[in-house]
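Asks: Encoded as structure tokens, here's the structure I'll be asking about.
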Amino acid sequence: LVIVPASGALCSQTVLFGGWPAIFYLSASVGILFVVIYMFLGADKPSKQTCISDAELKFITASNSCEDIGKKRIEREIPWMQILKSAPVWSAVVAVICHEFPLMTMIMFLPSYLHDVHHYTATENGILSALPTACLWISKIFSSYLNTFLQRRTKLHRTTICKLLNTIASCGLAFFLFTSTTLDASHASLAVVFLCASMASAGLHTPGCQTALVSLAPAFSGAITGLAFFFVASAGIVNPVLTKWIVRV
């Protein structure tokens with residue numbers, strides 16, 4: 001939300017570090033800033049956090065076992081064979097890949113798409129490339145509240161809500177992404193709207209497949225999530241190669 005719009009503006013000038021090299025300096029500076037902030041504000045336990053209120057601390061410690069981190073506990077072996085044979089696990093893995101793959105494509109190739117197809121300038125490109133990400137961020141927050149609302153105000157089971165929101169997210173993401181590809185430079189603004197709508201739809205995956213990863217077996221959610229994102233990372237390696245091949249064909 002910060003780097004992408006700023007990158008477009010930095011590419012359009014030559015005074016500061018010669019133009020595009022300034023993007024790398026800005027990215028490094030932001031990274032260093034967050035590290036410094038984290039060193040002073042971060043903590044490994046709620047009780048060690050200096051910025052937390054007493055009410056928040058009581059709520060967190062009453063809701064989970066974070067304070068047991070670091071204490072001796074009986075270690076349980078991860079049932080890898082049962083996990084690998086589980087159909088729900090693999091369905092969640094596939095769903096997460098279908099969520100992350102378009103997002104990776106958007107992050108890597110959206111600026112090129114807006115420049116080559118819709119002929120936006122570098123400054124405009126930077127701002128417009130950040131809009132879908134902003135919509136995704138807002139949608140993730142909204143969808144979390146929507147999930148809580150549906151669980152409290154309806155008789156739907158949480159599994160049903162998870163599947164429902166995931167279905168809406170996947171269908172919306174696919175529809176708006178496909179529709180945006182049918183628009184040429186004369187409908188550039190509408191294409192951006194559809195791209196934003198696709199990312200807003202993808203935000204509903206948060207209470208969908210992403211929640212499913214930690215809900216299938218809470219005691220082994222780390223292993224299941226790690227397995228899922230191993231395949232997501234593998235898809236990320238294939239993504240640029242496949243995308244460039246499709247574009248060239």
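Per the UniProt record's numbering, the sequence shown starts with residue 1, numbered consecutively.
Virtual Cβ for every residue (Gly too), placed ideally from N, Cα, C.
The model shown is predicted, which means the values in this text are computed figures rather than measured ones.
Using the C-alpha atoms, what's the distance from Met81 back to Ala200?
Replies: Their backbone Cα atoms lie some 36 Å apart in a straight line.
Asks: Taking the straight line between their C-alpha atoms, what separation do you get for Cys209 and Leu164?
Replies: Each residue's alpha carbon lies about 10 Å from the other.
Asks: Just checking, does the segment 84-103 make contact with the segment 235-246 on the three C-beta pairs under 8 Å criterion?
Replies: At 8 Å Cβ cutoff, the stretches touch.
Asks: Measure the C-alpha to C-alpha separation of Val232 and Asn166 and round it to an integer number of angstroms.
Replies: Those two C-alpha atoms are separated by around 17 Å.
Asks: To the nearest angstrom, report how far apart residue 293 and Cys162 are at their CA atoms.
Replies: Shown here, the chain extends from 1 to 249; a query on residue 293 therefore has no answer.
Asks: Closest to Gly203 by CA distance: which of Lys58, Glu124, Cys171 and Pro111 is it?
Replies: The shortest C-alpha separation from Gly203 is found at Cys171.
Asks: What did DSSP end up calling Gly42 once you bin it into helix, strand or coil?
Replies: If DSSP states are grouped into helix, strand and coil, Gly42 belongs with coil.
Asks: Leu177 and Ser144 - do their beta-carbons sit closer together than 8 Å?
Replies: No, Cβ-Cβ distance for Ser144 and Leu177 is not below 8 Å.
Asks: With H, G and I counted as helix, E and B as strand and the rest as coil, what does DSSP make of Ser91?
Replies: Here Ser91 sits in helix by DSSP.
Asks: On a Cα-Cα basis, can you pick out the residue from Val30, Leu195, Gly18 and Phe149 that is closest to Thr105?
Replies: Among Val30, Leu195, Gly18 and Phe149, the Cα nearest to that of Thr105 belongs to Leu195.
Asks: Can you give the Cα-Cα distance for Ala9 and Ala188, rounded to whole angstroms?
Replies: Going by the C-alpha atoms only, they are around 20 Å apart.
Asks: Using the C-alpha atoms, what's the distance from Ile78 back to Gly126?
Replies: C-alpha separation (whole angstroms): 45 Å.
Asks: Cutting at 8 Å between CB atoms, please list the residues of its own chain near Gln151, excluding the five before and the five after it.
Replies: These residues qualify, in order along the chain: Arg158 and Ile161.
Asks: Please classify Gly222: does DSSP put it in a helix, a strand, or coil?
Replies: It is helical.
Asks: Given that a residue counts as buried once 16 or more other Cβ atoms are within 10 Å of its Cβ, and exposed if not, what is Ile224?
Replies: Buried, because 16 or more other Cβ atoms sit within 10 Å of the Cβ of Ile224.
Asks: For Ala197, does the three-state DSSP call read helix, strand or coil?
Replies: Note: Ala197 maps to helix in three-state DSSP.
Asks: Counting only the same chain and skipping the five closest in sequence on each side, list residues whose C-beta sits under 8 Å from that of Leu1.
Replies: Excluding residues within five positions, the ones whose Cβ falls inside 8 Å are Ala130, Thr133, Ala134 and Trp137.
Asks: Hey, how far is the Cα of Val96 from the Cα of Trp90?
Replies: Each residue's Cα considered, the two are about 10 Å apart.
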